[in-house]
Amino acid sequence: MAAMATVPNYTPSLWVRMCHALPRLDLTMTMRDNLFIPDSWEYQQTLLVLSSLSAIALVLSLLVIISFLIHYCCCRRGDRSEGSEEEEDEEGSTGHGYGGKKGRGICCVTWVSVAAVTLCCVAIGVGFYGNSEANDGIYQLTSSLLTANYTLASIDLLVSDTISGLQQSIAGPLTTMEELFTGSKPYLVSTRNCRRLSENVVSLLTSLTMARSSDGGAWNSSNNSGDPPIAALTPVPPSMAPTLAPVGGVMPSPFSPGWAANTLMVNEDYRWLSYMLLLLLDLLVCLFILLGLAKQARWLLILMTVLAWLALFLSWGSLGLETATVVAVSDFCTDPNTFVLNSTHFNSGTSSDVLDYYLTCSRRMNSPFQQLLTQSQRALSSIHTHLSSLDRNALPQVPKAEKSLREVQQIHNATEGNFHQLVALLHCRGLNKDYIDSLKGLCSDGMEGLLYLSLYSFLSALAFTAILCSLPGAWRSFPSDSEEYEDSDSESEDPFTSHQYSPSMLTGYGGSQTHPTSTHSRNLYSR
230 MAAMATVPNY TPSLWVRMCH ALPRLDLTMT MRDNLFIPDS WEYQQTLLVL SSLSAIALVL
290 SLLVIISFLI HYCCCRRGDR SEGSEEEEDE EGSTGHGYGG KKGRGICCVT WVSVAAVTLC
350 CVAIGVGFYG NSEANDGIYQ LTSSLLTANY TLASIDLLVS DTISGLQQSI AGPLTTMEEL
410 FTGSKPYLVS TRNCRRLSEN VVSLLTSLTM ARSSDGGAWN SSNNSGDPPI AALTPVPPSM
470 APTLAPVGGV MPSPFSPGWA ANTLMVNEDY RWLSYMLLLL LDLLVCLFIL LGLAKQARWL
530 LILMTVLAWL ALFLSWGSLG LETATVVAVS DFCTDPNTFV LNSTHFNSGT SSDVLDYYLT
590 CSRRMNSPFQ QLLTQSQRAL SSIHTHLSSL DRNALPQVPK AEKSLREVQQ IHNATEGNFH
650 QLVALLHCRG LNKDYIDSLK GLCSDGMEGL LYLSLYSFLS ALAFTAILCS LPGAWRSFPS
710 DSEEYEDSDS ESEDPFTSHQ YSPSMLTGYG GSQTHPTSTH SRNLYSR
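Residue numbers (my numbering): 230 to 756.
See the structure below:
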């Protein structure tokens, strides 16, 4: 196992360290270490055990809800016959059916439902914030990967352009110059030295290219399974940097930042949309529950109860996925260099020294390409010296060689310009900055967003558990449609019952109680 290399300008956050310190158990309840090894079955078991905690919580929620349903369905039947006389007395004394003990029970159930809906709304707000933070973190990660992919694409293009230019110079104008300088040995020797040095540069740069392609290097390679090689990269603006999409969607070996960015963007779009739909579902359920309680609409509350069941299962299920993801991300963010240096997807065909150079980018480390670049630079300087000598001495004697010499000088100038850009891009500063930015996006904003989403799932699950416990008692206490129709029909049969009489109207002269109908009859006879 490679030694851990520190990452400059990056320190794991407190949340990363806390989640990384959680104990790990496999399916046999055996303690395991917390090293990030996603391909290991033992490590996958620890994530499954952590995810199963939400399943246990779901079972407990179901038991609580079922106990309350049994209480409403069974216990209320026994209380209905005992409390019927009390309800009649309360209705006769108060004039409506929500007084006394029953009214206090309905009020309690309603306020419990309102409190649960309020908790759910708070959870939804936390979920919207967490979803936005996670999206920002993934966006920063993909942007850094695309920038790194653009840098690697530019390196590949500069190398290929330099090699093709030198080969064109060797096969074209240098060959013509050798034919023209056949009678002049000093000029012929200088021309052949230019050819030899150009071939040396081509050989050096080809070894760099072959380390990436034929040997399965870090940038542009073909796998060993017989699949077709990955398409060549071409430099474009970083926002539209080329992405590598291997056949079958399988992760290429070695790792490609373009493929990773493309995969992350697609998965992030689905993840963001899924959470938005879940949050909107919870919000609609909460709003319609409040509307049903305000309107005392039994059918609406029954429908929202069904949707609350769905939201409950989705909340506990999302909490399980978020728990496993948070723990896995914390394990990676605690020591990312160790995973990169030991992963076969990253170091396939690439030495650990090269990876460590770009991951650490320490001033005390020498570039692994230093010797190759130095030899190429010396060869290009020697070519420039020979071409300058031929320009001063050979052209006055052999004017026919001017055209070929100018072509060689033009190709050489373009080659030197490409080489200086190649030296700058091969330095570790640019790729290391992209690496640190990607870590900050994943381990800072992404980790924070996942934690907020976990809090949302937990609070919403608790809220929907309380809602499912209180809603049946609320809509069972509402008057049914048939009862409302009977009350309104009985009142419409007797037009006199629609009036409310005060005690003074019900009391005759001299304190004796008289019926309003008899008083009305005497008035008719008196008329």
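Built from N, CA and C at the ideal position, the CB exists for glycine as well.
On a predicted model such as this, the values are computed, not experimentally measured, just so you know.
Beta-carbon to beta-carbon, V583 and P597 are separated by about 5 Å, close enough to satisfy the 8 Å threshold. With the rule of 3 Cβ pairs closer than 8 Å, the segment 283–293 counts as touching the segment 536–545. For the pair L679 and A363, the CB atoms are nearer than the 7 Å cut-off. The C-alpha of A490 lies about 9 Å from the C-alpha of S373.
Contact between L682 and Y504 holds, since their C-beta atoms are separated by about 7 Å, short of 8 Å.
Contact annotation, C698 with V293: C-beta distance approximately 7 Å; criterion of less than 8 Å satisfied. Beta-bridge annotation (DSSP): M260 is paired with L254. Under the DSSP assignment, V583 falls in the alpha helix (DSSP H) whose first and last residues are S581 to T589. Between R246 and D255, the gap from beta carbon to beta carbon reaches 7 Å or more. By the criterion of a C-beta distance shorter than 6 Å, V355 is surrounded in its chain by Y681, L684 and Y685, once the five residues flanking it on both sides are discounted.
In this structure G359 is not in contact with L671, their Cβ atoms being roughly 15 Å apart against a cut-off of 8 Å.
Distances from the CA of T435 to each of L395, D585 and C302 were compared; the closest alpha carbon is that of L395.
In the three-state scheme derived from DSSP, where H, G and I count as helix and E and B as strand, A526 is classed as coil.
DSSP, read as helix, strand or coil, puts R500 in helix.
In this structure, V637 is the residue among T603, V637, L609 and Q604 with its C-alpha nearest to the C-alpha of L619.
Apart from sequence neighbours up to five positions away, the residues of its chain that approach S667 with a beta-carbon distance below 7 Å are L370, S373 and L374, ordered along the chain.
With respect to S398, I665 sits apart: the two C-beta atoms are not nearer than 7 Å. Taking C-alpha positions only, E428 is separated from S610 by approximately 14 Å. Within the same chain, E631 come within 6 Å of L624 by CB-CB distance, once the 5 residues on both sides are set aside. Residue nearest to F648 within the set A345, F357 and S383 is S383 (criterion: CA-CA distance).
Between the alpha carbons of W538 and F693 lies a gap of roughly 8 Å.
Under the three-state reduction of DSSP output, P565 falls in the helix class.
Closest by C-alpha distance to D511, out of E408, A345, T552 and L493, is A345. For L700 against T534, the beta-carbon gap comes to about 5 Å, under 8 Å, which counts as contact. Taking L264 as reference, the option from I295, L502, T339 and S572 with the minimal CA-CA separation is S572. When the beta-carbon positions are compared, S283 and L548 come within less than 7 Å of each other.
With respect to the 7 Å criterion, L403 and R424 are classified as neighbours on the basis of their beta carbons. The three-state secondary structure of R592, taken from DSSP, is coil. Residue state for Y239 is assigned as coil, using DSSP reduced to three classes. Looking at Q606, V627 and Y587, the one whose alpha-carbon comes closest to that of R658 is Y587. When only Cα atoms are considered, L660 and L433 end up about 23 Å apart. For the set V430, T567 and T405, the Cα lying nearest the Cα of S393 is the one of V430.
Closest by C-alpha distance to T240, out of F561, L616, V627 and S605, is F561.
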